[in-house]
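As structure tokens, the structure follows; a few thoughts come after it.
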Amino acid sequence: TNMAGRGVDIILGGMPTGGAGGRNPEAEDVARVGGLCILGSERHESRRIDNQLRGRAGRQGDPGASKFFVSLEDELWRVFGDKSQSPLLSSWQEEMAMPSKLLSKMIERTQKKMEEHYFEIRKHVLKYDDVMNVQREVIYGQRRQILEGVDLKQTITEYLQKTVTDAVDTYCPESLSPAEWDTDTMYEYLNEIFPLSVYARTSDLKGKKREEAGDFLLAILERTY
């Protein structure tokens, strides 16, 4: 289990029977045999979490110990392990224990690699969040203008022009002949944004030049607005 934030109130021998500040008589017996022993079944992807788990033993001057039992088939090693060590590992006898120093260094390098990987992910997520924040500021800024009675007709008209221009450039590019233009898909795309089907049909776009199609669509969208 992930021990972050858990087990910080473990008291040797159990809760004291003599009230606050007391100590259970069994605490001395537990301390005499070594205190709390932490056994980890695998290493976490974060060294910080491993250290938190180790820190559950030996708290506030009490004796304690921690030991991890790991396998190179654990998820940590399987996904992010150092593949350059594969010849060494494949030649190792299956039932033979591996020296802890060698294994610890390998695992530490792997954990560091994972931490760097997840750090990069968080950086990218932050960039996406920045983009959404800019969009949020723009939308709420325009909403505030509407509530204050500001006329946004010019802004909306510019949005309409850009939408039509982008659609024509995408589905009716100059690099293709008119016979290769995908006016049907362009019609469906714009119809998802505006009620285009109320005012025009796909056949109305056939035979028109790029500029004519753009002007025709823009006139409909402006009239709809």
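So this note's numbering is basically just the index in the sequence shown, starting at one, shifted up by 11. Beta carbons are placed, not taken as given, at the ideal position from N, Cα and C, and that holds for glycine.
Requested in this report: To the nearest angstrom, report how far apart G69 and I132 are at their CA atoms.
Outcome: Computed Cα separation, rounded: 35 angstroms.
Requested in this report: Hey, could you find the ends of the beta strand (DSSP E) F79 is sitting in?
Outcome: Residue range G75 to F79 is occupied by the beta strand (DSSP E) that includes F79.
Query raised in the report: Hey, out of D215, K220, Y170 and P206, whose CA is closest to E185's CA?
Result: Proximity to E185 across D215, K220, Y170 and P206 peaks at K220, based on C-alpha coordinates.
Requested in this report: Please work out which residues of its chain come closer than 6 angstroms, Cβ to Cβ, to A230, disregarding the five sequence neighbours upstream and downstream, and give them in chain order.
Outcome: Here A230 has no same chain residue with a Cβ atom under 6 angstroms from its own Cβ, once five neighbours each way along the sequence are excluded.
Query - Spatially closest choice to E191 from T166, L207, L171 and K217, by CA coordinates - result: Looking at the Cα atoms, K217 is the closest of the given residues.
Query raised in the report: Which residue or residues does DSSP assign as beta-bridge partners of G51?
Result: Beta-bridge pairing links G51 to F79.
**Report entry** Distance CB(G51)-CB(N35) smaller than 7 angstroms
**Finding:** G51 places its beta carbon 7 angstroms or farther from that of N35.
Query raised in the report: When the Cα atoms are used, what is the spatial distance from G72 to K116?
Result: Near 28 angstroms, if we compare the C-alpha coordinates of K116 and G72.
Query - Stretch pair the segment 45-60 + the segment 79-86: three plus CB contacts closer than 8 angstroms - result: Proximity of the segment 45-60 to the segment 79-86 meets the contact definition, three or more beta-carbon pairs being nearer than 8 angstroms.
**Report entry** Spatial distance of P189 from C183 (CA atoms)
**Finding:** Here the alpha carbon of P189 sits roughly 7 angstroms from the alpha carbon of C183.
Query - Cα-Cα separation between L114 and K138, rounded to whole angstroms - result: Going by the C-alpha atoms only, they are around 37 angstroms apart.
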